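For the sequence shown, this note's numbering gives the first residue as 8, with consecutive numbering after it. All residues carry an ideal CB built from backbone N, CA and C; glycine is no exception. None of the values given here were measured: they were computed from a predicted structure.
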Amino acid sequence: GSLNRQPSLLDQISGQAPAAASPLTLEVTTMPLSGGGSGTPLGKASSGLDVSKLVVKELLHFTRGGGLKADYCFTREQSLYSDECNTVKISLSNTTNVPINNIHVGDRRLESGMTLEEFVPIGALAPGCSTSVKMYVGFGSKLRPAKFDLATEKGSYAVSLVPPAGELLAPVGMDEQEFARVSATLGGMHEKKEVLEGLKIDALTARSRMLLLCNMFTLPEGEDGAEVIRLAGKTLGEEGNAVLLTLDVTEGFLKGNSESTVLCRTILKEVKEALLK
8 GSLNRQPSLL DQISGQAPAA ASPLTLEVTT MPLSGGGSGT PLGKASSGLD
58 VSKLVVKELL HFTRGGGLKA DYCFTREQSL YSDECNTVKI SLSNTTNVPI
108 NNIHVGDRRL ESGMTLEEFV PIGALAPGCS TSVKMYVGFG SKLRPAKFDL
158 ATEKGSYAVS LVPPAGELLA PVGMDEQEFA RVSATLGGMH EKKEVLEGLK
208 IDALTARSRM LLLCNMFTLP EGEDGAEVIR LAGKTLGEEG NAVLLTLDVT
258 EGFLKGNSES TVLCRTILKE VKEALLK
């Protein structure tokens, strides 16, 4: 596919006034962002997922952070630093009634092969206010958390940024013939099938659940109809191993093809759980 350079929804809403802190999860779409101007490229293909549906997880609970609360979200934007990095949005909230000063990344405890481009330190976050920053994390194709400290003038708080398996991918645009050709080269130990006993959802629901977990490209409907869903992606980084998923809703099976066998099997397991829940 061609480069899709439209500004994302996240970029379009940057520059709003800080929203009030909420004790619940932060809405992805309503938070202002620092950096990433309106021209952030979105990569060669897009998963087409509505940005507001991206999963937000807790990084630091306010009771452990001296009143600082932090959530994180994998934004699926192309990293400005490297194709090997994930763009991770960190939403920071001050739940106290006094300013929290000098919020920054402290000590890092990264495994070998991992990288982390930290955010610019925040001088002061006013009481009851929230802001968002972006970090760029290279997980080195490992399903291992990036561990570091979030620090303020009051102290350091150990956090663990866990990468969802399906976020360690980039979407790859391809047609059905190419998908079949690549699949054919990834048989044997590079193929894994899962039977979906008692699948009760339709193809549209199944596809949206898959895309929520996996940053992959959805192929157009093939000759075998809308009941067969094909997703294509590749691992981040120089290697860029293809990862292909096929779901047949009627027959009730899920198949993954990739040389990155551990990653692919983890994705299959998580997708299967999501489809059967």
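Following the DSSP letters along the chain, one finds residue 210 inside the alpha helix (DSSP H) bounded by residues 210–220. When secondary structure is reduced to three states using DSSP, residue 190 falls in the helix class.
Beta-bridge pairing by DSSP links residue 164 to 157. In the DSSP assignment, residue 176 falls within the unbroken beta strand (DSSP E) covering 176–178. Annotation for residue 194: 264 place their beta carbon closer than 8 Å to its own, counting only its chain and skipping 5 residues before and after.
Residue 74 sits in coil when the DSSP states are folded into three classes, being neither helix nor strand. For residue 201, the CB contacts under 6 Å within the same chain, skipping 5 residues up- and downstream, are 261, 275, 279 in chain order.
Of the residues 248, 88, 79, 259, the one whose Cα lies closest to the Cα of residue 203 is 259.
Residue 159 sits buried, since 16 or more C-beta atoms from the chains shown fall within 10 Å of its C-beta. Under DSSP, residue 260 shares a beta bridge with 202, 255. The C-alpha of residue 177 is placed about 6 Å away from the C-alpha of residue 242. The beta carbon of residue 162 is closer than 8 Å to those of 73 in its chain, skipping five residues each way along the sequence. Listed as beta-bridge partners of residue 236 by DSSP are 254. Just so you know, the alpha carbons of residue 80 and residue 63 end up roughly 5 Å apart. Looking from the CA of residue 145, the closest CA among 133, 129, 170, 229 belongs to 170. In the displayed model, residue 169 falls within coil according to three-state DSSP, outside both helix and strand. Residue range 137–145 is occupied by the beta strand (DSSP E) that includes residue 140. Residue 254 and residue 231 have their alpha carbons spaced roughly 12 Å apart. Partner residues in the beta bridge of residue 108, as assigned by DSSP, are 131. DSSP lists 96 as the bridge partner or partners of residue 80. Put simply, of 78, 56, 58 the residue whose alpha carbon is nearest the alpha carbon of residue 66 is 78. Its Cα nearest to that of residue 282, the residue 208 stands out among 93, 142, 208, 56.
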